[in-house]
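S.K.: Supplied in structure tokens, the structure appears directly below.
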Amino acid sequence: MTDKPHIMVVEARFYEDLSDALWDGAKRALDTVGATYERFTVPGALEIPAAIRLAHLAAETGKLKRKFDGYVALGCVIRGETTHYETVCNESARGLMSLATEYGLCIGNGILTCENDEQAWVRAKVSELDKGGGAALAAMSLIALKKQLGS
Numbered sequence: 054m055t056d057k058p059h060i061m062v063v064e065a066r067f068y069e070d071l072s073d074a075l076w077d078g079a080k081r082a083l084d085t086v087g088a089t090y091e092r093f094t095v096p097g098a099l100e101i102p103a104a105i106r107l108a109h110l111a112a113e114t115g116k117l118k119r120k121f122d123g124y125v126a127l128g129c130v131i132r133g134e135t136t137h138y139e140t141v142c143n144e145s146a147r148g149l150m151s152l153a154t155e156y157g158l159c160i161g162n163g164i165l166t167c168e169n170d171e172q173a174w175v176r177a178k179v180s181e182l183d184k185g186g187g188a189a190l191a192a193m194s195l196i197a198l199k200k201q202l203g204s
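Counted the way my numbering counts, the sequence shown spans residues 54 to 204.
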């Protein structure tokens with residue numbers, strides 16, 4: 054790893070305005086710590102773990118110009134009228150956790166799981182809870198820990 058960690062940011066674009074707000078926070082945090090990054094988009098939260106795994110596979114086979122030191126997952130799931138909400142929330146979180154524990158990937162989870170738009174905006178805005186920035190900082194923290202442990 055170089056001095057500047059290289060980060061893959063994966064955004065679910067289902068709620069585009071919220072995704073943009075999460076990205077604003079993540080970008081600000083990554084710029085502040087001097088990380089480099091590449092931004093990728095997927096349709097929804099369920100596709101985020103697959104995108105991260107595809108990047109990890111590409112790195113393992115030498116197909117990436119520069120491998121990623123960490124990953125930031127950004128998206129939002131808002132409760133609707135069906136049980137689809139629980140499936141998307143649980144499976145996207147499980148997928149990220151599996152990648153982190155099985156492959157030792159440093160992942161900051163910024164997938165919001167909210168009851169309504171109001172909750173989502175409070176969590177997404179940089180001026181409020183800034184969960185995008187928090188996810189980026191979580192990834193950076195894990196990268197530092199991984200380096201400290203020599204793994």
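All residues carry an ideal CB built from backbone N, CA and C; glycine is no exception.
With 16 as the cutoff for other CB atoms within 10 Å, does Y156 come out buried or exposed?
M.R.: Label assigned to Y156: exposed.
S.K.: Under the three-state reduction of DSSP, which class applies to V130: helix, strand or coil?
M.R.: Reduced to three states, the DSSP call for V130 is strand.
S.K.: What do you get for E100, buried or exposed, if any count of 16 or more other CB atoms within 10 angstroms of its CB means buried?
M.R.: Answer is buried; the Cβ neighbour count reaches 16.
S.K.: Near D77, what residues of its chain come up, given a Cβ to Cβ distance below 7 Å and the 5 sequence neighbours on each side ignored?
M.R.: Excluding positions up to five away in sequence, the list reads V179, G185.
S.K.: Would you give the residue range spanned by the beta strand (DSSP E) that L165 belongs to?
M.R.: Segment 160 to 167, the beta strand (DSSP E) holding L165.
S.K.: Closest by CA to V141, which one among I164, I160, L152, G123?
M.R.: Per the Cα distances, I164.
S.K.: Which runs of the beta strand (DSSP E) at least 3 residues long sit entirely within the region 71 to 132? Give them in chain order.
M.R.: With a minimum length of 3 residues, the continuous beta strand (DSSP E) runs that stay inside the region 71 to 132 are 89 to 95, 123 to 131.
S.K.: What does DSSP give as the partner residues of A65 in its beta bridges?
M.R.: Note: A65 sits in a beta bridge opposite V95.
S.K.: Mind reading off the beta-carbon distance from V95 to A189? Whole number of angstroms is fine, and I expect it under 8 Å.
M.R.: Going by Cβ atoms, the distance from V95 to A189 rounds to 18 Å, so no, they are not a contact pair.
S.K.: Around the C-beta of S210, are 16 or more other C-beta atoms found within 10 angstroms, so that it is buried, or is it exposed?
M.R.: With the chain represented from 54 up to 204, any question about residue 210 goes unanswered, as that position is not in the structure.
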